[in-house]
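Take a look at the structure set out below.
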Amino acid sequence: MAAESYELDDIDRRIIAALKADGRATNQRIARTLRISPATVGARIRRLESVNAMRVVAVTDFSALGYKVLMAIGIEVQGRPAEEVARDLAALEEVFAVHLVTGARDIEILVALHDLEELETFLLSDIGKIRGIRALSAGIAADVIKYDFDRAQIS
153 MAAESYELDD IDRRIIAALK ADGRATNQRI ARTLRISPAT VGARIRRLES
203 VNAMRVVAVT DFSALGYKVL MAIGIEVQGR PAEEVARDLA ALEEVFAVHL
253 VTGARDIEIL VALHDLEELE TFLLSDIGKI RGIRALSAGI AADVIKYDFD
303 RAQIS
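Per our numbering, residue 153 is the first one in the sequence shown, and the count goes up by one each step.
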């Protein structure tokens, strides 16, 4: 999802910063803080979203939703294009991220499960039925040190 070329100005950066601090902030509240009109805030947000420079989303807390097992799984593909296998993996409810990668594996996925009992079903019934998977290497997260999707620096 590449953003078209769009140069952020100071107002854009300040609007994004306000939404990063509170994704539910109203245009009126942001406008008051930045001393601009609510219409300007709304127009700027729509423009930032239209060029894919920004999205306002809810980020779930895995443990609050009962997910106790987080896994990273590296997958080697054979006999089928990796992109097709990746699309099949992306359709699985438990999978929340799918990446085509370079290196020893072709695909990396991130998975959230409620407990270890779900792990067996997921590996054998769900992933096991996807054609083209030659091998996988799974690691269960022992602890989450950092979980932050806001990686694009605003400069």
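Yeah, the Cβ is synthetic: ideal placement off N, Cα and C, and Gly gets one too. This structure is a prediction, so every number in the text was calculated from the model and none was measured.
Count the other C-beta atoms from every protein chain shown that fall within 10 angstroms of the C-beta of residue i, then say buried if there are 16 or more, exposed otherwise.
i           : result
residue 172 : exposed
residue 217 : exposed
residue 294 : exposed
residue 241 : buried
residue 208 : exposed
residue 196 : buried
residue 268 : exposed
residue 238 : buried
residue 163 : exposed
Hey, out of the options, whose CA is closest to residue i's CA?
i           : options               : result
residue 229 : 223, 255 and 298      : 255
residue 296 : 224, 287, 269 and 233 : 224
residue 168 : 205, 210 and 277      : 205
residue 215 : 282, 287, 239 and 265 : 265
residue 286 : 200, 220 and 226      : 226
residue 257 : 276, 289, 158 and 284 : 289
residue 282 : 189, 243 and 157      : 243
Starting from residue i, trace the alpha helix (DSSP H) in both directions and tell me its first and last residue.
i           : result
residue 272 : 268–273
residue 163 : 162–173
Just to confirm the assignment, what range does the beta strand (DSSP E) spanning residue i have?
i           : result
residue 289 : 285–292
residue 252 : 247–252
I'd like to know whether the C-beta atoms of residue i and residue j end up nearer to each other than 8 Å.
i           : j           : result
residue 236 : residue 274 : no
residue 259 : residue 252 : yes
query = Any chance the region 177–193 sits against the region 230–247, with 3 or more Cβ pairs inside 8 Å?
reply = Cβ pair count under 8 Å is below three, so no.
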